Amino acid sequence: MQVLTKSSTALQLLKDLVAFPSLSGEEGPIADFVENYVRAAGVPVARHDNNVYFWWGDGPNCLLLNSHLDVVPPSARHPFDPFEPVVREGHLYGRGTVDAKASGAAMTTALLDLAADGWAPPNGRVLVALTACEETGGPYNGLADLRPHLPDLHAAVVGEPTALQPCVAQKGLLILKIHAHGTTAHAARAHLGDNAILRAARDIETLQTLTFDRQDPYLGRPTVAVTTIDGGSARNMIPDRCTFYVDIRSTPTYSHDELTALVAELLESDVEVHSKRLIPVSTDEDTRIAQACIRATGGVPFGSPTASDWIFLHDVPTIKLGPGLSERSHTAHEHIAIDEVEAAVDVYKGLVLDYFAPAA
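The numbering of the sequence shown is the working numbering, which starts it at 1 and goes up by one.
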């Protein structure tokens with residue numbers, strides 16, 4: 001296997017990636033670009049749908065570096081064309097610069113540089129997968145679709161903006177749909193009915209009293225928020241139905257089934273699980289990949305409230321780690337420091353080398 005050339009800088013690659021308006025479901029052109037870019041460097045590359053993956057080494061110990069190619073639609077009032085990468089005062093502006101094309105560009109550059117330097121993982125393999133449809137939260141997810149086509153994974157790093165600090169725990173999302181039922185009556189004779197909106201209101205008040213005994217060391221306790229409500233059909237009728245949604249940000253200390261049961265026990269209304277796929281995940285600090293990331297960054301492990309494709313790696317020791325500030329994701333002023341993009345390459349190379357270093 002011959003590597004033809006050392007890769008160009010991660011910054012130039014990031015500019016190239018930002019120039020693709022790769023909205024979820026429209027990743028074909030950017031996937032073509034990545035596939036050709038890696039092939040030109042002489043590294044093995046493969047494709048499943050619009051998910052591109054490439055690797056170096058052929059041993060059984062497989063370390064995955066994963067990020068996503070898709071972006072959310074442009075916001076209002078971008079300072080520049082969102083798909084025209086612009087450099088201003090040491091920062092690169094554009095949709096996806098933070099979430100999460102900087103991670104993908106740095107991961108790609110790190111693998112190609114290691115290969116060009118003649119390094120190979122002893123008894124192992126480094127695999128980079130840049131996948132589709134992470135942002136949608138819909139039934140199709142690129143990483144989930146790709147996993148059966150990958151070798152067995154021993155560890156993983158998910159590239160999302162963490163300011164290059166190692167994230168070892170991530171909250172999940174449980175969405176409950178609550179159905180309050182009542183009996184209709186004319187509003188002039190309200191006492192003859194049973195107002196479903198009032199029943200829902202009592203349940204919403206009850207939810208404010210819900211407390212959790214178990215606390216995660218990185219994520220704290222789960223949080224509960226009522227986010228939407230709908231009830232009634234006419235201004236002069238006592239409503240016999242009212243529906244509201246509850247957003248629960250979960251932690252590894254409770255399963256989604258446990259949380260659902262806790263809520264159902266408290267409320268008068270019927271509880272329906274709307275979505276429980278986004279489970280909370282965590283990785284012990286003492287695992288090999290966590291220690292490699294901690295040493296490569298010099299950072300302090302923390303927990304994140306935002307979801308990512310880590311949920312599709314819940315069975316693998318995984319760390320979330322990437323350049324950029326999460327608070328800039330999906331914003332009109334999305335931008336990233338150029339120095340941080342280049343630093344991310346060194347971090348990814350450092351954690352790869354550390355992970356495959358012989359045990360002391």
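Quick reminder that beta carbons are idealized off the backbone N, C-alpha and C, glycines included. As the structure is a computational prediction, the values presented were derived from the model and not from experiment.
ask   = Taking the beta strand (DSSP E) that LYS177 falls in, what are its first and last residues?
value = 172–181
query = Is it buried or exposed for SER7, if we count other Cβ within 10 angstroms and need 16 for buried?
reply = At SER7, the pLDDT of 49 sits below 50, so the modelled position is not reliable and the matter cannot be decided from this model.
task = Taking TYR93 as part of the beta strand (DSSP E), name the residues at either end of that continuous run.
result = 91–93
request  = Give the C-beta separation of ALA100 and SER67 to the nearest angstrom, bearing in mind that I take them to be a contact with Cβ-Cβ under 8 Å.
outcome  = 5 Å
request  = Could you name the residues that DSSP lists as bridge partners for ASN51?
outcome  = HIS48
key: Spatial neighbours of VAL98 in its chain, beta-carbon cut-off 6 Å, leaving aside the 5 residues before and after   = PRO161, GLY324, ARG328, SER329, GLU334, ILE336
request  = Go to LYS349, then tell me how far its alpha helix (DSSP H) extends in each direction, as first and last residue.
outcome  = 338–356
request  = If I'm right that ALA92 touches SER22 with Cβ under 8 Å, what's the distance once you round it to whole angstroms?
outcome  = According to the sequence as given, residue 92 is Leu; it is not Ala. The Cβ separation is near 16 Å, so there is no contact.
ask   = What is the DSSP secondary structure of THR260, counted as helix, strand or coil?
value = helix
key: Candidates ALA102, CYS167, ALA40, ARG125: closest to THR297 by CA position   = CYS167
request  = Decide yes or no for the touch test of the region 118–135 against the region 344–359: beta carbon pairs closer than 8 Å, at least 3 of them.
outcome  = yes
inquiry  = Quick check on DSSP: helix, strand or coil for CYS242?
reply    = strand
task = Tell me, to the nearest whole angstrom, how far the beta carbon of LEU127 is from that of TYR53; I am working on the premise that it is less than 8 Å.
result = 6 Å
task = Could you tell me which of LEU14, ARG147, LEU112, PRO139 sits nearest to LEU313, measuring between CA atoms?
result = ARG147
task = Determine the contact status of ASP203 and THR253, defining contact as a CB-CB distance below 8 Å.
result = no
task = Could you check how far apart the C-beta atoms of ALA129 and LEU64 are, in whole angstroms? I think they sit under 8 Å.
result = 6 Å
Alpha-carbon to alpha-carbon, ILE178 and HIS274 = 9 Å
message = Once the 5 residues before and after CYS242 are set aside, which same chain residues still bring their CB inside 6 Å of it?
response = ALA180, ALA196, ILE197, ALA200, GLY231
query = Hey, how far is the Cα of SER255 from the Cα of ALA156?
reply = 23 Å
inquiry  = So, with DSSP's three-state summary, where would you put ARG199?
reply    = helix
task = Check whether the region 35–51 touches the region 132–151, counting contact only when three or more Cβ pairs, one atom from each stretch, lie closer than 8 Å.
result = yes
inquiry  = Tell me the DSSP secondary structure of GLU272 in three-state form.
reply    = strand
query = Can LYS15 and PRO85 be called in contact, C-beta distance under 8 Å?
reply = yes
ask   = When DSSP builds the beta bridges, which residues end up paired with ARG249?
value = LEU173, THR223
task = Would you tell me roughly how many angstroms separate the C-alpha atoms of PRO358 and GLU27, rounded to the nearest one?
result = 39 Å
request  = For GLN170, count neighbouring Cβ atoms within 10 angstroms of its own Cβ and tell me buried if that reaches 16, exposed if not.
outcome  = buried
task = Compare the beta carbon distance of ILE338 and VAL72 with 8 Å and say whether it is the shorter of the two.
result = no
key: Rounded C-alpha distance that separates VAL345 from VAL158   = 14 Å
C-alpha distance - GLU285 paired with PRO305, whole-angstrom precision = 18 Å
query = When DSSP builds the beta bridges, which residues end up paired with ARG88?
reply = HIS91
CB of LEU173 within 8 Å of CB of LEU259, strictly = no
message = For a minimum of 4 consecutive residues, which ranges assigned as the alpha helix (DSSP H) are wholly contained in the region 9–68?
response = 10–18, 28–40
request  = Along the alpha helix (DSSP H) that carries LEU111, what are the first and last residues, could you check?
outcome  = 102–116
query = Cα-Cα, which of TRP55, VAL226, PRO29 is closest to ALA132?
reply = PRO29
message = For THR297, report the span of its alpha helix (DSSP H) as first-last.
response = 288–297
key: Pick from GLY90, GLY42, GLY94 that is closest to ARG77, judged by C-alpha positions   = GLY94
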